[in-house]
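Position one of the sequence shown corresponds to residue 82 (the working numbering), numbered consecutively onward.
Every residue gets a Cβ at the ideal spot worked out from N, C-alpha and C, and that includes glycine.
From a predicted model like this one, the values you see are computed outputs, not experimental measurements.
Everything on this sheet refers to the single structure shown next.
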Amino acid sequence: MSLEVKHLSYSYNHGSAYETRAVDDVSFKIDKGDFVGLIGHTGSGKSTLVQLLNCLLEPSEGTVLVDGKDVFESEDTKRANRFKVGLVFQYPENQLFEMTVYDDVCFGPKNMKLADDEIEKRAKRALSLAGVEEKDYDKSPIALSGGQKRRVAIAGLLAMEPDILILDEPTAGLDPMGREDILSELKKLQKEHDMTIILVSHSMDDVANYADKVLVMDKGKLILDGDVSAVFKEVDLLTSVGLAPPEISYIIRDLNEKGFGIDTDITNVEDFKVELLKILEKRRGKFRKEGIKKNSKDFSAAIQVDATAKGVKHD
Ligand SMILES: Nc1ncnc2c1ncn2[C@@H]1O[C@H](COP(=O)(O)OP(=O)(O)OP(=O)(O)O)[C@@H](O)[C@H]1O
Ligand SMILES: [Mg+2]
Numbered sequence: 082m083s084l085e086v087k088h089l090s091y092s093y094n095h096g097s098a099y100e101t102r103a104v105d106d107v108s109f110k111i112d113k114g115d116f117v118g119l120i121g122h123t124g125s126g127k128s129t130l131v132q133l134l135n136c137l138l139e140p141s142e143g144t145v146l147v148d149g150k151d152v153f154e155s156e157d158t159k160r161a162n163r164f165k166v167g168l169v170f171q172y173p174e175n176q177l178f179e180m181t182v183y184d185d186v187c188f189g190p191k192n193m194k195l196a197d198d199e200i201e202k203r204a205k206r207a208l209s210l211a212g213v214e215e216k217d218y219d220k221s222p223i224a225l226s227g228g229q230k231r232r233v234a235i236a237g238l239l240a241m242e243p244d245i246l247i248l249d250e251p252t253a254g255l256d257p258m259g260r261e262d263i264l265s266e267l268k269k270l271q272k273e274h275d276m277t278i279i280l281v282s283h284s285m286d287d288v289a290n291y292a293d294k295v296l297v298m299d300k301g302k303l304i305l306d307g308d309v310s311a312v313f314k315e316v317d318l319l320t321s322v323g324l325a326p327p328e329i330s331y332i333i334r335d336l337n338e339k340g341f342g343i344d345t346d347i348t349n350v351e352d353f354k355v356e357l358l359k360i361l362e363k364r365r366g367k368f369r370k371e372g373i374k375k376n377s378k379d380f381s382a383a384i385q386v387d388a389t390a391k392g393v394k395h396d
């Protein structure tokens with residue numbers, strides 16, 4: 082399922098003195114199976130944009146096309162789109178209100194008026210996909226930790242089997258472990274189920290580590306749209322709108338200044354690790370030939386010598 086946004090605009094308090102153009106003439110296209118990071122400074126229009134994608138808000142201008150069809154055509158198409166394009170709000174755990182985790186996840190499919198056995202099948206599948214443990218199914222949602230609640234909320238959305246899953250800051254307020262867990266589950270959903278995912282995030286590192294494409298918003302406008310490596314190379318533009326490229330970009334820049342020659346397309350830690358090990362192995366081979374023993378204390382010295390030979394200055 083493809084998603085296309087064409088000249089989309091939205092103003093709050095339209096026509097009043099307090100009018101705010103939160104989304105301003107935004108156009109882009111997302112293909113099936115893409116994992117897209119949506120980033121931007123606070124107030125740049127991210128949440129407004131995703132609510133338009135899910136038909137919770139009606140555009141002032143422009144439209145959203147799903148598989149080429151205008152989702153705002155009628156009340157029926159809008160309703161159908163809310164199931165196809167699932168939106169997990171920021172702090173979704175505040176919206177868990179059923180007596181048990183299991184009942185909460187069944188709420189969406191029940192609302193879709195599905196048969197009981199289908200509801201059960203979907204709820205169990207969604208709970209397992211979101212990494213909720215079976216022992217928690219009968220617990221009250223309020224008895225769970227923040228990370229577990231977040232998973233239940235995501236499961237509730239997955240049970241409706243959306244084609245596109247949008248998450249507005251899904252890791253806000255979670256500890257680093259909880260964050261990694263949720264993001265890895267999302268990556269698995271993309272890889273194993275070819276799900277299209279839009280991740281709204283303030284963390285450039287999370288976007289660099291998990292997304293393939295990035296949309297950057299500033300004051301309601303879409304200012305960058307492209308592959309992760311291309312977008313994060315725009316250091317000056319990102320900095321000018323209050324965003325910092327991922328930490329790894331700075332590390333690569335510093336190492337390259339020391340003559341390491343690391344591929345500057347790399348933006349995530351995993352790829353960086355593979356590249357660095359390759360380079361170190363190559364250097365080890367070279368040093369061995371020159372008589373410097375593997376694992377010798379001279380290794381860092383050898384790197385210095387190697388870099389100095391290339392005329393690179395050291396701190
Ligand atoms: N309900 C509302 N009524 C009036 N203005 C609003 C409303 N919600 C958002 N805005 C304004 O619209 C603009 C975009 O807000 P939005 O919440 O979409 O930004 P955001 O990028 O999601 O920000 P954040 O990163 O803080 O979540 C801001 O100027 C905001 O003040
Ligand atoms: Mg927001």
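> Between V312 and the rest of its own chain, which residues show a CB-CB distance below 6 Å, the 5 nearest in sequence each way excluded?
Replying inline: These residues qualify, in order along the chain: V295 and L305.
>> I'd like to know whether the C-beta atoms of S83 and I111 end up nearer to each other than 8 Å.
In response: yes
> Can you name the start and end residues of the beta strand (DSSP E) that E85 belongs to?
Replying inline: L84 to Y93
>> For I333, tell me which candidate among L357, L177, G323 and L319 has the shortest Cα-Cα distance.
In response: L357
> Does ligand 2 have a heavy atom nearer than 7 Å to the CB of Q171?
Replying inline: Yes.
>> For a cutoff of 8 Å on Cβ pairs, would you count E100 as touching chain D?
In response: Judged by its chain identifiers, the structure shown contains no chain D, having just a single protein chain.
> Within the present structure, is the beta-carbon of N175 separated from the nearest heavy atom of ligand 1 by less than 7 Å?
Replying inline: no
> Based on Cα-Cα distance, which residue from K370, L137 and V166 lies nearest to D148?
Replying inline: V166
> What's the call for A325, buried or exposed, on a 16-neighbour Cβ count within 10 Å?
Replying inline: Looking at its Cβ environment, which holds fewer than 16 other Cβ atoms inside 10 Å, A325 is exposed.
>> For a test of your reading of the model: does the CB of D249 fall under 7 Å from any non-hydrogen atom of ligand 2? Yes or no.
In response: yes
> For ligand 1, any of its heavy atoms closer than 7 Å to the Cβ of T181?
Replying inline: no
> With which residues is E142 paired in a DSSP beta bridge?
Replying inline: S90
> How is the beta strand (DSSP E) around A103 delimited, first residue to last?
Replying inline: T101 to I111
> Buried or exposed: which applies to N192, given that a residue is buried once 16 or more other Cβ atoms fall within 10 Å of its Cβ?
Replying inline: exposed
> What is the C-beta distance between V213 and R232, in whole angstroms, given that I count them as a contact (C-beta under 8 Å)?
Replying inline: 5 Å
>> Please classify S330 as buried or exposed, where buried requires at least 16 neighbouring CB atoms within 10 angstroms.
In response: buried
>> Given this structure, state the Cα-to-Cα distance separating E242 from I200, to the nearest angstrom.
In response: Just so you know, the alpha carbons of E242 and I200 end up roughly 11 Å apart.
> If we call anything under 8 Å between Cβ atoms a contact, is G301 one with V104?
Replying inline: yes
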